[in-house]
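Have a look at the structure below, then the notes.
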């Protein structure tokens, strides 16, 4: 079944049908979380760094208009062409226009969650442009016709056997070959040819620096650099929230990013782009796509502080046991669940409920986004705006009526205990989701209040 | 006969006992243990008889706007208490963060005077010893709302010195052997209505959490929230396990 | 109104009143031995370090290390005799067959084994990625404790491109199994001079 067409709970049921696979997924991601813990523990000022990063981002959001103008001015001075896109469609059109102007019909692209959010690949393919994703994980899922299931580890839902099958089919690797070293080498050879033959390369942007009009792209594989340094045209796509005031602030973010993401001290390449190389064109597309709307929601604006490290996905006990696709959104996991409702409340009304509100996400967040509090707040907004099922609203109204009246509460409690004691079959059946995998609590004869009145009250 | 050491003299503290609805109805023994424990350390405890629920089931489902009646009822019951103490981190956290009422002055006061049981014992009463015995291997489930919401224990995500208020109290119990879990503070997956709306993930999380305790050979799983324990108990029973759950108040009042 | 003006107007209307920048955003890292720290981390990320007394020793070490290898290029004049290719090409595609690039790094960071290089060291930006093997020569005196110190010393826009390189290229995209040698260099040897 296509998980993307189900709501989170429905997709999670599908995902959980293969329990050993869920265990594997959970343990693989928990391993990443423990690597993060070890890396963070090596930095004595870790919590102060998080606070500094949070404050720099708070400042940036509060001064976004001026920082963007400053960034644009300096980027233009550097010889970079700056484009502005109000939404996904405009972004896609701008990128397509640049490719057409370059006379190209093929492009190589490194990781950019923004282009996933905008569905750029679909758009370009429909317009006759071939796009090859060069990040290994992204290439794997692209060959399979899937979206990434994780913003840092796009193919984390796949086993090496899955990748082996995919590469056998598309890249001609040996049937049954599953050695990651061998498979990676095959991808290296395949993509090297791509890098050497593409005239246009697109990258994302991790940080844009207002003071200098440049931007930073971080990768481990070197794929972003390989693409753009060999291309005639470099397109960098960024959500406007990527801008930070000064280069010296990068010290804070680069110390946090990779440690939070994978437990590495820093990514292999942290590349700073300021000017095109001689003869090269460099374009920046600054995208809104709902971000300015989110900026105007006081309860949710600081979700825009996100630096896309995915630490909240790795630590999330729900994400680990439901998989990225269950979030049916470009950005999965806790951060995705507070970003997606801003894009479409109706389509994503289920996501803020895909959480126990355990709070682990907020604690690992390197920029201190109050993710779990925002999940709670989105629940309120979504239900008040009428995106809850009518049956749920009716049930909640009944519950509220009972719980606000001591008399009704006691009556309902007594009936409930009575039913469980004398007619358990009415709840211990397949229509009760609690009972599917759990026994009901054993109901006592008397409530605490009854006991208190009989034994204590003088 | 109980012997305890505590900072404040007996009968000094007037405590209003807040017993969450599901404990009142399904786990009265936890409420009884809580009451005994508070009296044992010298508190004067009253149980306001018209209390019902903190409103969290509606609020966490996105219907905080329907909790006005619950909130007003809560304020009517507890406005006169010096302290409000509850054997639940989750319900305490909800009141602390979300209690607003027609009488907002009283609600504000309640928000600052409500305590989860273990933090009340360690921080307010400052219990140093407890005459209790529980000669078993015990796994402590760090319920998230108590731990990450009320900071009852250091959170594994933060790079900060460890502490644990429930752990501190359990260490005062004779014979109790506290085990170290592989994942010391992962959520059990109860999550309020999450336990039924996201049944697949909720049950899987519960099974995994229970398995961590079982791997370490526990006899009992304890915690500060009966909701989490109820969820794990349901899983243990379904698996016909002999391992049982006990709320921390039951262990802190246990004798040989 | 252009998209640009509309976006900026929306942002201005929706951004909160200005919040302060943090009073502290640089921190001091106290490592007892910067070189030691650098070497430990470099090893952790899959690189190799060797401490050598002078450029002659570097030359000798590289001759032994890469015996029989061709398509070698360097920007270091003292090592020119090792090279049979040049990096200073008009078209970066000419570097496709490069097996070994030997360059210098003006600044290195102890906390994470990152080495800064920019276009002062790179005749073509693609050099450290397109080469099969990479050697970077650094000096102990230019190792700074952490990234805050690094940003104090470098000017990020001194040239059009600069990058921090930390170890050889790598990926763990297949089942979190670490594979060294993704798209960039398959190995990184750092020669540390006094």
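Protein chains in written order, with my numbering: chain A, 3 to 460; chain B, 45 to 300; chain C, 474 to 667.
Idealized CB from N, CA, C, for every residue including glycine.
Please read these numbers as outputs of a predicted model, since none were measured by experiment.
Straight-line Cα distance separating residue j from residue i
i              : j              : result
residue 376(A) : residue 337(A) : 10 Å
residue 163(B) : residue 612(C) : 55 Å
residue 259(A) : residue 113(A) : 15 Å
residue 638(C) : residue 626(C) : 16 Å
residue 45(B)  : residue 218(B) : Low local confidence applies: a pLDDT of 36 at residue 45(B) is under 50, so the model's placement there is unreliable, with the coordinate-based value given in what follows. If I take the Cα positions, the gap works out to 15 Å.
residue 669(C) : residue 572(C) : No answer is possible for residue 669(C): it lies beyond the span of chain C, which begins at 474 and ends at 667.
residue 385(A) : residue 367(A) : 27 Å
residue 226(B) : residue 199(B) : 14 Å
residue 66(A)  : residue 211(A) : 12 Å
residue 86(B)  : residue 20(A)  : 53 Å
residue 658(C) : residue 244(A) : 29 Å
residue 251(A) : residue 58(A)  : 8 Å
residue 173(A) : residue 18(A)  : 31 Å
residue 9(A)   : residue 561(C) : 56 Å
residue 150(B) : residue 412(A) : 25 Å
residue 107(B) : residue 582(C) : 52 Å
residue 48(B)  : residue 648(C) : In this prediction, residue 48(B) has a pLDDT of 47, which is less than 50 and means its spatial position is unreliable; what the coordinates show is noted afterwards. Going from the Cα of residue 48(B) to the Cα of residue 648(C) covers about 54 Å.
residue 393(A) : residue 105(B) : 13 Å
residue 282(B) : residue 254(B) : 12 Å
residue 184(A) : residue 642(C) : 16 Å
residue 224(A) : residue 106(A) : 23 Å
residue 32(A)  : residue 280(A) : 45 Å
residue 256(B) : residue 305(A) : 33 Å
residue 295(B) : residue 415(A) : 26 Å
residue 428(A) : residue 408(A) : 25 Å
Minimum C-alpha distance to residue i - residue among the options
i              : options                           : result
residue 298(A) : 654(C), 486(C), 581(C) and 546(C) : 486(C)
residue 159(B) : 85(B), 184(B) and 59(B)           : 59(B)
residue 456(A) : 76(B), 297(B) and 221(B)          : 76(B)
residue 185(B) : 69(B), 212(B) and 269(B)          : 269(B)
residue 263(B) : 221(B), 272(B) and 273(B)         : 221(B)
residue 239(B) : 214(B), 265(B), 271(B) and 208(B) : 271(B)
residue 173(B) : 211(B), 145(B) and 148(B)         : 211(B)
residue 280(B) : 413(A), 107(A), 441(A) and 372(A) : 441(A)
residue 623(C) : 477(C), 493(C) and 502(C)         : 502(C)
residue 115(A) : 249(A), 92(A), 102(A) and 140(A)  : 140(A)
residue 549(C) : 609(C), 566(C) and 650(C)         : 609(C)
residue 448(A) : 123(A), 433(A), 437(A) and 422(A) : 422(A)
residue 193(B) : 362(A), 29(A), 61(A) and 402(A)   : 362(A)
Within chain A, partners of residue i - CB distance below 8 Å
i              : result
residue 509(C) : Result: empty, since nearest Cβ-Cβ is about 14 Å, beyond 8 Å.
residue 275(B) : 440
residue 636(C) : 227, 271, 272, 273 and 274
residue 494(C) : 57, 58, 61 and 247
Chain-ordered chain A contacts of residue i [CB-CB under 7 Å]
i              : result
residue 615(C) : What residue 615(C) touches in chain A: nothing, since even the nearest Cβ is about 17 Å away.
residue 664(C) : Here the premise fails: no neighbours, minimum Cβ distance about 19 Å.
residue 240(B) : 435 and 436
Proximity test, residue i beta-carbon vs the ligand SAH heavy atom, cut-off 8 Å
i              : result
residue 159(B) : Looking for the ligand SAH in the displayed structure turns up nothing, as the structure carries no ligands at all.
Per-residue contacts from residue i into chain B (C-beta, under 7 Å)
i              : result
residue 451(A) : 68 and 93
residue 398(A) : 102, 105, 107 and 110
residue 448(A) : 72
Assumed close pair residue i, residue j - CB separation to whole angstroms, cut-off 8 Å
i              : j              : result
residue 85(A)  : residue 287(A) : 5 Å
residue 153(A) : residue 312(A) : 5 Å
residue 255(A) : residue 227(A) : That belief does not hold up - the Cβ atoms of residue 255(A) and residue 227(A) are roughly 19 Å apart, past 8 Å.
residue 287(B) : residue 260(B) : Not really, about 11 Å apart at Cβ, beyond 8 Å.
residue 307(A) : residue 371(A) : 5 Å
residue 68(B)  : residue 451(A) : 6 Å
residue 607(C) : residue 660(C) : 7 Å
Closer than 7 Å at the beta carbon, the chain C residues around residue i
i              : result
residue 202(A) : Within 7 Å Cβ-Cβ: nothing; residue 202(A) doesn't reach chain C, min ~15 Å.
Contact set between residue i and chain A, taken where Cβ atoms lie within less than 9 Å
i              : result
residue 570(C) : In chain order: nothing, as chain A lies at least about 11 Å away.
Does the contact criterion of 3 or more C-beta pairs under 8 Å hold for the region 166-180 of chain A versus the region 341-354 of chain A?
no
| message | Taking 8 Å as the cut-off, does the region 193-207 of chain A touch the region 156-168 of chain A (at least 3 CB pairs, one atom from each stretch)? | response | no
TODO: Would you check if there are 3 or more beta carbon pairs closer than 8 Å linking the region 480-500 of chain C to the region 93-100 of chain B?
DONE: no
- Query: Counting pairs of Cβ atoms below 8 Å between the region 232-239 of chain A and the region 134-148 of chain A, do you hit three or more?
  - Reply: no
Checklist entry - Would you call the region 522-534 of chain C and the region 551-568 of chain C touching, i.e. three or more CB-CB distances under 8 Å? => result yes
* To do: Indicate whether the contact test is met: 3 or more Cβ pairs, each with one atom in the region 577-595 of chain C and one in the region 261-276 of chain A, closer than 8 Å.
  => yes
Three or more beta-carbon pairs under 8 Å between the region 136-143 of chain B and the region 243-251 of chain B, yes or no?
no
ask   = Is the region 67-75 of chain A touching the region 502-514 of chain C, taking contact as three or more C-beta pairs under 8 Å?
value = no
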